[in-house]
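Colleague:
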Amino acid sequence: MLLMNDLSQFYHLAHIFISLVGAILLLAIYYNISRRFQHILEEDQRRVDHGLLFLSLALFIWVLAGSWSLWFGDSSPDESIAFQLGTYVFSIVNNMFLLLAIYYFHDAPAFIYKNQQNVKIIVGIILGVSLLTLFISYTIPETNLHPINLVALPDVLLSGFLSYLLLISMYRTFIHRGLVSVAIISVIVVALIFISQIPEVFVSPDFLLGEHLIKLIAKTSLIFLFLVLATTWVIQLANTPKQNEMQLSFIDWSLLQLSIPSKNINELEVDFGSKTTQYKNLLKFGIRRKVAAYEKQCIVVGKGGEIRNQTYLTRIIDNINEIADLNIDQQLERKDLFTFIGEGQYRLRILPEHIKIEDALFAEFLASVEHEDYTDLLPNNQIDMKT
476 MLLMNDLSQF
486 YHLAHIFISL
496 VGAILLLAIY
506 YNISRRFQHI
516 LEEDQRRVDH
526 GLLFLSLALF
536 IWVLAGSWSL
546 WFGDSSPDES
556 IAFQLGTYVF
566 SIVNNMFLLL
576 AIYYFHDAPA
586 FIYKNQQNVK
596 IIVGIILGVS
606 LLTLFISYTI
616 PETNLHPINL
626 VALPDVLLSG
636 FLSYLLLISM
646 YRTFIHRGLV
656 SVAIISVIVV
666 ALIFISQIPE
676 VFVSPDFLLG
686 EHLIKLIAKT
696 SLIFLFLVLA
706 TTWVIQLANT
716 PKQNEMQLSF
726 IDWSLLQLSI
736 PSKNINELEV
746 DFGSKTTQYK
756 NLLKFGIRRK
766 VAAYEKQCIV
776 VGKGGEIRNQ
786 TYLTRIIDNI
796 NEIADLNIDQ
806 QLERKDLFTF
816 IGEGQYRLRI
826 LPEHIKIEDA
836 LFAEFLASVE
846 HEDYTDLLPN
856 NQIDMKT
């Protein structure tokens, strides 16, 4: 094994150390959060969030990849094949961990958030791109057509797609959590991550210092953003009301009463007025959660489901915040009232025994519903809706 030049050696050592510290910190934060907020994270086993864990594992892959590069250094021709193969493997695993992390981002693009089928398709694409890269490297001579390296092209294009998903997910997440400046920084950092990979395709030995510098700045900044993301997740979980403390009463058409002690909301009456669509959608969730069997308590949102679009859920929350004129500490988020089960299915978080529906209102609702007959949810149509 030959010694690599001092610049590359410094870059890989710094890369390994920074990635290792970041990975350990994220892993420690994840397990601490999992222990402290277990009652919230495990309300439904399908709702457990492993996003932070996969981000940590992706950083550990960076550590292994950096160690791999440091070990081989300026490889001899006989060693270069093994080096390239290892590099491709690390790239595949890293991309998969990042994809699985984005799968848990609540603000990820809809086609990937908690969508197992699409994630499997993208994983297949990752594997296909990796095989294509290997095929190019072993079958096409002179792949380094100066200044273009064809071997690296498929992997860089795939990284561009994953960078797009990460950029959108992080930007939306920080915006929704009130961190506008951090959201803007996240766009710049993820863009730098992608830009730092372009020299892999357009080879320029004269730009080696700039290439290493951009990579080090981008990766270090991304780790900082992951830590900020973990911190905001802690705050969000700490502010998420417990299931057993919330109470919801449907009093009359457009009128409900809501109690969430942890947010200092006690028997708050909210009159939806002319916003009957949002009220009726919330009533659907309340009825299903109150009287349906466990497997029927979910409503499919979007995809031709009973509620056409996810924006309808957001409007319910926005209307409550606006009509009740809640201050910033009291305002509700979608996760406070709704649990996402998967495959477009949502369920009201409030426990069935803490939901009250006036009998007359329930009867009127059954008479007006068109999408499906809700009477099949009731045993012989006999139930006290107020208990």
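The sequence shown begins at 476 in my numbering and counts up one residue at a time. Note that CB positions come from ideal geometry on N, CA and C, so glycine has one too. Only a predicted model underlies this, so the values are computations on that prediction, with no experimental measurement involved.
#1: Between the region 529 to 539 and the region 509 to 516, can you find at least three pairs of beta-carbon atoms closer than 8 angstroms?
#2: Can you tell which of I798, K595, Y754 and L743 has the C-alpha that lies nearest to the C-alpha of M721?
#3: Helix, strand or coil for E742, going by three-state DSSP, please let me know.
#4: Taking the DSSP output, what are the residues bridged to Q820?
#5: Output yes or no for whether 9 angstroms exceeds the beta carbon distance between L527 and A767.
#6: How far does the alpha helix (DSSP H) with S644 in it reach, from first residue to last?
#7: Buried or exposed for T751, please, with buried defined as at least 16 other CB atoms from any protein chain shown within 10 angstroms of its CB.
#8: Rounded to the nearest angstrom, what separates T648 and S566 at their Cα positions?
#9: Quick one: using the 10 Å Cβ neighbour count with 16 as the cut-off for buried, is T814 buried or exposed?
#10: Return the Cβ separation of I762 and I832 in integer angstroms, given the expectation that the two are a contact with Cβ distance under 8 angstroms.
#11: Thinking C-alpha only, which one of F701, Q806, N480 and V496 is nearest N739?
#12: Express the C-alpha separation of S724 and L488 in angstroms, rounding to a whole number.
#13: For Q718 and V604, what's the separation of their Cα atoms in angstroms?
#14: I need the DSSP call for L866, collapsed to helix, strand or coil.
#15: If I follow the unbroken beta strand (DSSP E) through D727, where does it start and stop?
#16: How about I596: is its Cβ closer than 8 angstroms to a heavy atom in the ligand FAD?
#17: Determine the DSSP secondary structure at S566, reduced to helix, strand or coil.
#18: For E594, which residues from the same chain have a beta carbon less than 7 angstroms from its beta carbon, with the 5 sequence-adjacent residues on both sides left out?
Modeller: In short, the structure shows the following:
#1: no
#2: L743
#3: strand
#4: V775 and G817
#5: no
#6: L628 to H651
#7: exposed
#8: 26 angstroms
#9: buried
#10: 7 angstroms
#11: Q806
#12: 60 angstroms
#13: 45 angstroms
#14: In the structure displayed, the chain extends from 476 to 862; residue 866 sits before or after that span and is not available.
#15: Q722 to D727
#16: Inclusion of the ligand FAD in the displayed structure is not the case, the ligand content being empty and no account of it being possible.
#17: helix
#18: In the sequence as displayed, the identity of residue 594 is Val instead of Glu. Within the same chain, V594 has close Cβ partners L574, Y578 and I587.
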